[in-house]
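A short write-up of the structure that comes next.
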Amino acid sequence: MDFKSEFTNIDVIAIHDDAKRRHEQGWRYVQILAVNKYDAIDLIYSYMLDGELDNVIISDVARDAVIPSISDIFLEAFVCENEIHDLFGVAFEGIAIDFLGNFYKVAEQYPMTVITPEQLAA
């Protein structure tokens, strides 16, 4: 079996419906990856079916954005959603198991951002 990987851009309003469609088609949830950019975050949702890894990208998500949770479809997504919230500041609406910002105990709020304290103060 050959392994192949695809990347597709998607709008944030379509992410929940996309996850639901994939679940109905038998796709397996793999992960949500947050890619740190200077002024935003890219979220990459990965799913696998029959040797195909499909990556769905939501580009340029604001750090204070609210994204629909997919944990009502793929329960295991609650782990990545809580992690992304605690480390990057992106909120997920409707997480099945929501740690309310206490998934990680970190010394500073949103430690994975590239914004310096001086930039934040400005």
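Quick note on the working numbering: the sequence shown kicks off at 24 and runs consecutively.
Each residue gets a CB set at the ideal place from its N, CA and C atoms; glycine is no exception.
Alpha carbon to alpha carbon, how far is Tyr61 from Tyr52? Give it in angstroms, no decimals.
Using only the alpha carbons, I get a separation of about 28 Å.
So what's Val53 in DSSP terms, helix, strand or just coil?
Looking at Val53 - three-state DSSP - the assignment turns out to be strand.
If you drop the 5 nearest sequence neighbours on each side, which residues of the same chain put their C-beta closer than 8 Å to that of Met158?
The displayed coordinates of the chain run from 24 to 145. Any statement about residue 158 would go beyond what the structure contains.
Which of the three DSSP states is assigned to Ile81 in this structure?
Ile81 falls in the strand class under three-state DSSP.
According to DSSP, simplified to helix, strand and coil, what is Phe122?
Reduced to three states, the DSSP call for Phe122 is coil.
Using a Cβ-Cβ cutoff of less than 7 Å, which residues in the same chain neighbour Ala42 once the five nearest sequence positions on both sides are dropped?
Closer than 7 Å at Cβ, skipping near neighbours: Ile93, Ile96 and Phe97.
Where does Ala88 sit, in a helix, a strand or coil, going by DSSP?
Note: Ala88 maps to coil in three-state DSSP.
Cα separation between Val79 and Ile67?
One C-alpha to the other measures close to 5 Å.
If Pro91 sits next to His39, beta carbons under 8 Å apart, how far is it from one beta carbon to the other, in whole angstroms?
At roughly 4 Å, the Cβ-Cβ gap stays under 8 Å, so Pro91 and His39 are in contact.
Where does Ala63 sit, in a helix, a strand or coil, going by DSSP?
Reduced to three states, the DSSP call for Ala63 is coil.
Considering Ala114, what are the terminal residues of the beta strand (DSSP E) in which it resides?
Per DSSP, Ala114 belongs to the beta strand (DSSP E) from Ala114 to Glu116.
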